[in-house]
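Down below is the structure, laid out as structure tokens.
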Amino acid sequence: MSARKRYWLMKTEPDTFSIDDLAKVKTEPWTGVRNYQARNHMKEMQVGDGVLFYHSSCEVPGIAGVATVANTAYPDPTQFDKNSDYFDAKSAREQPRWEMVDVSFDRKLKRVIPLEEIKAHADELGPFALTQRGNRLSVLPVSAAQWKFLLSLE
DNA sequence: GCCAACGTTGGC
DNA sequence: GCCAACGTTGGC
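In UniProt numbering, the protein residues as written are 1 to 154.
Here you go:
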């Protein structure tokens with residue numbers, strides 16, 4: 001018995017890694033998350049979970065595509081790599097601090113669903129981590145109803 | 001580039 | 001354990 005499919009939203013800066021990049025590489029290890037809450041969400045992920053691929057810090061921030069969780073969480077190798085920007089001297093190999101999943105390309109949306117538009121539907125969406133005041137989480141949960149509604153905006 | 005929000009660090 | 005200082009995120 002597998003757990004019921006769940007849904008998530010993952011942020012990325014398109015200048016660094018966009019939905020088009022994911023389409024090219026097909027599957028990408030989601031390295032570099034250094035926030036405990038975001039990490040905890042990744043540890044909860046199951047293979048096949050749905051991911052809204054969100055572009056942040058760009059001209060039109062918003063949902064740009066759909067992806068799928070490709071495997072359960074495993075230690076992020078960049079935390080042990082001294083040459084990596086994500087190196088964490090305080091993380092021990094015997095007890096890695098940071099974990100991550102791989103994310104597989106599903107599809108690019110016909111248009112980006114802008115954050116501005118998402119905010120305008122606050123009533124339909126209900127409580128949503130993406131639009132909560134001051135939110136900066138890069139990996140956050142989405143309910144089945146929110147998933148369905150957001151994709152209906154496409 | 002600005003700045004609000006928020007997480008982390010480190011002195012005490 | 002408190003909290004000021006600092007760094008980062010991310011919209012605008």
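Glycine included, each C-beta is placed from N, C-alpha and C at the ideal position.
- Residue range 19-25 is occupied by the alpha helix (DSSP H) that includes Lys24.
- Per DSSP, the beta bridge partners of Leu52 are Leu9, Val66.
- CA-CA distance, Gly32 to Ser18, rounds to 15 angstroms.
- In the three-state reduction of the DSSP assignment, Phe105 falls in the strand class, which pools E and B.
- DSSP places Glu99 in the strand class (E or B) of the three-state scheme.
- Annotated three-state conformation of Pro75 is strand, per DSSP.
- Assigned with DSSP and collapsed to three states, Ala89 falls in coil, not helix or strand.
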